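Residue numbers (our numbering), protein chains in the order written: chain X, 1 to 483; chain U, 1 to 88.
We treat Cβ as the ideally placed atom computed from N, Cα and C, and that holds for glycine.
In this text the structure is predicted, and so the values were computed from the model without any measurement.
Note sheet for the following structure.
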Amino acid sequence: MNLGISAVEFVSQAKDGTISVEEFVAKTLDRIKKVDEIIHAFITVDTQNALDKAKAIDKKIKSKEKIGSCFGMPVSIKDNICTAGIKTTCASKMLENFVAPYDATVVSRLKSEDAIIIGKVNLDEFAMGSTTEFSYFGPTRNPWNLEYIPGGSSGGSGASVAALECLASLGSDTGGSVRSPASFCSVVGLKPTYGLISRYGLVSYANSIEQVGPIAKTVEDVAFLLNIVSGHDPHDNTTANNEHIDYVKDLKSGVSGKKIGIISQMIEDGIDKEVASATDTAISKLQNLGAECIQISLDAVEHSVAAYYTIAAAEASSNLARYDNLRYGFDFGTEGYEFKAFVSKARSNFGPEVTRRMLLGAFVLSAGYYGKYYLKAQKVRAMIKAQLDEAFKKVDYLISPTMPILPFKVGEKIDDPLKLYLTDINTVTANLSGIPAVSVPFSMSSSGLPIGMQLFANSFKEKELLQAAYALQETTNLPEISL
Amino acid sequence: MVERKEIEHLGDLVKVDLNEPEKYIKQVEQILNYFDRLDKVEFHSDDTLRTQITTDGLRDDVHEPYGDSLIGHLKKDQNNFIRAPKMV
């Protein structure tokens with residue numbers, strides 16, 4: 001049985017009885033047992049429930065009962081998305097034993113279509129990081145080379161899909177957290193338009209910029225998942241009440257006659273030579289498909305990392321105030337405490353990156369600095385949006401490499417947070433402006449490390465965005481993972 | 001220049017016992033220095049990005065009782081009383 005099939009292929013084979021869902025899920029669980037000791041993508045594996053659900057779905061298939069469109073597809077969920085009955089730890093000591101009393105809307109939508117939640121996957125603590133090294137449970141490794149980071153913060157999602165430990169995953173993207181691991185693990189990852197997917201049940205970090213996003217092996221799979229998880233949710237008032245769109249239909253429309261803007265600021269300083277050359281190749285391949293590519297300058301991008309980290313830290317410091325050890329946290333017994341000591345004793349269990357961002361957030365919001373940092377960051381955000389609005393008057397899509405550099409070794413940059421922040425230069429623009437962006441696996445470096453290309457479209461143009469992503473995907477011929 | 005007492009004050013604001021405040025001084029300072037580039041941006045407008053959300057979609061204001069699953073999350077003693085630490 002081939003675990004390397006796509007999610008869409010799995011559905012068609014389960015539907016016509018070529019494969020048994022139970023057998024596929026059991027094989028997937030065996031695979032997790034075999035490879036996850038070294039990759040460490042999973043925090044929790046829900047073995048028994050997954051097998052029981054698979055058996056029940058096989059029964060339904062045999063008796064020709066109505067079945068959801070996922071047909072028992074094994075899916076992993078980033079561990080900052082709530083799942084009733086399975087721990088949601090946010091990769092933090094703070095929530096080590098937290099079990100949410102409800103499912104996030106994205107999870108209940110997947111379940112209602114008979115997807116099987118096979119487990120919860122690793123992330124940087126509270127999704128703050130871009131390497132998955134800042135997890136209380138230890139780092140996740142890149143399945144393409146175990147010495148390297150898988151990207152992050154949804155590193156467990158990217159690695160679990162790449163290592164064939166599930167067919168698809170849901171991550172969350174606050175500053176590139178879906179696209180970075182997608183790029184570094186050679187899988188597809190979509191950051192949708194702000195408001196396309198419900199955030200109900202996603203543990204809050206920076207509410208004004210974060211979105212849940214699907215990660216899968218192919219663009220078709222991402223479109224398939226988007227059909228299920230997108231749409232208005234009465235539990236999340238920031239979701240748009242748009243007409244339902246079928247993202248799978250017309251996916252193969254191509255890019256002929258479309259205009260693509262190459263963002264100058266994302267292919268300049270500091271970009272790895274092999275990434276730059278892959279970007280040139282991607283552009284010429286899109287031109288060969290009939291697209292017209294022009295240079296577009298977005299000078300606000302130069303300020304995007306500073307603006308992004310100011311806003312994200314500010315929102316993080318207020319969001320994480322809720323971990324006061326009253327509603328979540330540790331059992332300190334019943335002896336007497338001074339209130340503040342009780343709270344700060346518990347909160348000293350936050351990891352170093354979360355603590356750093358809370359300190360920064362408190363600083364940029366404090367009297368005297370609010371105008372200098374936070375307000376200016378918000379103005380940069382408006383500036384970026386205005387420049388993008390102008391750009392999308394001229395072009396249908398924008399393109400850049402997803403990450404300006406190749407994956408690097410575990411531990412290499414962990415002591416230099418600013419260096420890590422700067423690797424987000426190409427991804428934060430989509431979060432600050434709310435527009436959608438997708439990372440498509442494009443090529444491999446000479447050392448065998450994945451390189452992903454990023455395509456952007458205007459707000460709520462995911463259908464067109466995925467059409468371009470599909471066209472780009474079809475120009476590639478990438479190796480299979482040998483793990 | 002970020003000083004130890006500033007970091008300790010920030011730790012106080014975010015209610016965290018900083019075991020090693022020194023660890024954060026250099027890094028926070030380095031990051032804030034980078035944020036200082038926001039001073040150099042030439043703004044042609046005072047606009048900030050705002051998203052308008054209608055309040056039509058709010059759910060009805062009706063009482064929804066707590067389910068057992070929520071009550072189950074509370075710490076209890078052997079007599080099934082809710083247990084909380086004593087505050088002094």
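Requested in this report: Can you tell me which of the three DSSP states X:GLN295 falls into?
Outcome: strand
Query raised in the report: What residue range is occupied by the uninterrupted alpha helix (DSSP H) comprising X:VAL428?
Result: 428-433
Query raised in the report: Can you check whether the CB of X:GLN454 is closer than 8 Å to the CB of X:ALA437?
Result: yes
Requested in this report: Grab me the residues of X:SER20's own chain with a C-beta within less than 7 Å of its C-beta, minus the 5 sequence neighbours each way, in chain order.
Outcome: ASP58
Requested in this report: Flag X:PRO417 as yes if its beta-carbon sits less than 8 Å from any beta-carbon of chain U, otherwise no.
Outcome: yes
Requested in this report: Give the C-beta separation of X:ASN227 and X:ASP246 to the nearest angstrom, bearing in mind that I take them to be a contact with Cβ-Cβ under 8 Å.
Outcome: 6 Å
Requested in this report: Tell me whether the beta-carbon of X:PHE342 lies closer than 8 Å to the beta-carbon of X:PHE332.
Outcome: yes
Query raised in the report: Shortest alpha-carbon distance to X:LYS258 belongs to which of X:ALA291, X:TYR205, X:ASP79?
Result: X:ALA291
Query - Proximal residues of chain U, C-beta to C-beta of X:PHE342 below 8 Å - result: PRO85, MET87
Query raised in the report: Residues of chain U with a CB under 7 Å from the CB of X:ALA377: which are they?
Result: LEU38
Query raised in the report: So, using beta-carbon positions, are X:PRO407 and X:ILE149 closer together than 8 Å?
Result: yes
**Report entry** Residue closest to U:GLY67, alpha-carbon to alpha-carbon, out of X:ALA457, X:ASN80, X:ASN207, X:ALA100
**Finding:** X:ALA100
Query raised in the report: Would you report the Cα separation of X:VAL75 and X:ILE118, rounded to the nearest angstrom?
Result: 6 Å
Query raised in the report: At a Cβ threshold of 8 Å, is U:GLN52 touching chain X?
Result: no
Report task. Report the rounded CA-to-CA distance for U:SER69 versus X:TYR102, giving the unit in angstroms. Result -> 9 Å
Report task. Measuring only between beta-carbons, confirm whether X:LYS391 sits less than 8 Å from chain U. Result -> Here residue 391 of chain X is Ala; the residue named in the question, Lys, does not match the sequence. Not closer than 8 Å to any Cβ of chain U, the Cβ of X:ALA391 fails to qualify, so no.
Requested in this report: Spell out whether any CB of chain X is found under 8 Å from the CB atom of U:HIS63.
Outcome: no
Query raised in the report: With distances taken between CB atoms, is the gap from X:ALA488 to X:LEU466 smaller than 8 Å?
Result: The displayed coordinates of chain X run from 1 to 483. Any statement about residue 488 of chain X would go beyond what the structure contains.
Report task. Tell me whether X:ASN484 is buried or exposed, calling it buried when 16 or more other Cβ atoms sit within 10 Å of its Cβ. Result -> This structure leaves residue 484 of chain X out entirely; chain X is present only between 1 and 483.
Query raised in the report: In chain order, what residues of the stretch 296-312 of chain X put their CB closer than 9 Å to some CB of chain U?
Result: ALA300, GLU302, HIS303, VAL305, ALA306, ALA307, TYR309, THR310
Query raised in the report: With burial defined as no fewer than 16 other Cβ atoms inside 10 Å of the residue's Cβ, what is the status of X:PHE339: buried or exposed?
Result: exposed
Requested in this report: Look at the alpha carbon of X:GLY68 and the alpha carbon of X:LEU51, and state the distance between them as a whole number of angstroms.
Outcome: 17 Å
Report task. Taking only beta-carbon positions, decide if X:PHE332 is within less than 8 Å of chain U. Result -> yes
Report task. Within the stretch 117-182 of chain X, note down every full alpha helix (DSSP H) run reaching 4 residues or more, in order along the chain. Result -> 155-162
Query - Whether X:LEU483 touches X:VAL440 by CB criterion (8 Å) - result: no
**Report entry** C-alpha gap between X:GLY351 and X:GLU22, whole angstroms
**Finding:** 39 Å
Query raised in the report: Apart from the five residues on each side of it in sequence, which residues of its chain come closer than 6 Å, Cβ to Cβ, to U:GLY11?
Result: LEU18
Report task. Answer yes if the stretch 421-430 of chain X comes into contact with the stretch 161-169 of chain X, meaning at least three C-beta pairs across the two stretches below 8 Å, and no otherwise. Result -> no
Query raised in the report: In chain U, what lies closer than 8 Å to X:PRO436 by C-beta?
Result: What X:PRO436 touches in chain U: nothing, since even the nearest Cβ is about 15 Å away.
Query - Counted within 10 angstroms of its Cβ, other Cβ atoms place U:GLY100 as buried (16 or more) or exposed - result: Because chain U spans 1 through 88 in this model, residue 100 of chain U falls outside it and cannot be assessed.
Query raised in the report: With 16 other CB atoms within 10 Å as the buried threshold, where does X:ILE294 fall?
Result: exposed
**Report entry** For U:PHE81, the nearest candidate out of X:ILE116, X:ASN237, X:THR334 (CA to CA)
**Finding:** X:THR334
**Report entry** Expected contact under 8 Å - CB spacing of X:ILE425 and X:VAL305 to nearest Å
**Finding:** 6 Å
Query raised in the report: Secondary structure at X:LEU483, three-state DSSP: helix, strand or coil?
Result: coil
Query raised in the report: X:MET403 and X:PHE134: beta carbons closer than 8 Å?
Result: no
Requested in this report: Taking U:ARG59 as the query, report the chain X residues whose CB atoms sit under 7 Å from its CB, ordered along the chain.
Outcome: PRO234
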